[in-house]
Amino acid sequence: MNAPGILQLQKLLQQLIGMIVPLAFIALTVMLVWGGIKYITSGGDSKALSSANATVTWALLGILFLVIAWLVLRLIEAFTGVQVTQFCLGFPGAETFCGSTE
2 MNAPGILQLQ
12 KLLQQLIGMI
22 VPLAFIALTV
32 MLVWGGIKYI
42 TSGGDSKALS
52 SANATVTWAL
62 LGILFLVIAW
72 LVLRLIEAFT
82 GVQVTQFCLG
92 FPGAETFCGS
102 TE
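Written out as structure tokens, the structure is:
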């Protein structure tokens, strides 16, 4: 018996996960640009420069962490064969969303 509520939840979670990473990358790129604008408009003020420096540093660290997380997941997939980047709850009827043809 298929549980449509669970399958819909799984599809919703798949879509949310698929949207979070690109949105995070866009947000971090905007932060990086904003940090650059803060550098340009700082006018040599040490407080403004340190604020701009912190913004750029955190934006670059965020991008670095996103890339490292993606690489770690891909390495896990390569070494184990388990598709960890594909979200699947594993309930009966979930094969349509999980890509399984069993």
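The opening position of the sequence shown corresponds to residue 2 in our numbering, with each subsequent residue numbered one higher. For each residue, glycine too, the CB sits at the ideal point set by N, CA and C.
If the criterion is Cβ atoms closer than 8 Å, does the pair residue i and residue j meet it?
{"i": "residue 85", "j": "residue 78", "result": "yes"}
{"i": "residue 40", "j": "residue 53", "result": "yes"}
Measuring only the C-alpha atoms, how far is residue i from residue j?
{"i": "residue 43", "j": "residue 56", "result": "13 Å"}
{"i": "residue 70", "j": "residue 16", "result": "19 Å"}
{"i": "residue 18", "j": "residue 80", "result": "23 Å"}
{"i": "residue 11", "j": "residue 75", "result": "22 Å"}
{"i": "residue 102", "j": "residue 51", "result": "Legend: pLDDT at residue 102 = 46, less than 50; position of this residue unreliable, value from coordinates given subsequently. Approximately 55 Å between the Cα atoms of the pair."}
{"i": "residue 65", "j": "residue 83", "result": "24 Å"}
{"i": "residue 72", "j": "residue 31", "result": "23 Å"}
Near residue i, which residues of its chain fall below 8 Å by C-beta distance, leaving aside the five closest residues on each side in sequence?
{"i": "residue 25", "result": "63, 67"}
Who are the near neighbours of residue i in its chain, counting only those whose CB is closer than 6 Å to its CB and skipping five residues on each side?
{"i": "residue 14", "result": "88"}
Indicate whether at least one CB of chain D lies closer than 8 Å to the CB of residue i.
{"i": "residue 26", "result": "Judged by its chain identifiers, the structure shown contains no chain D, having just a single protein chain."}
Quick one: what's got a C-beta closer than 7 Å to residue i's C-beta in the same chain, skipping five residues either side?
{"i": "residue 48", "result": "none"}
{"i": "residue 9", "result": "none"}
Okay, do the stretch 47 to 64 and the stretch 30 to 38 touch, 3+ Cβ pairs below 8 Å being the bar? yes
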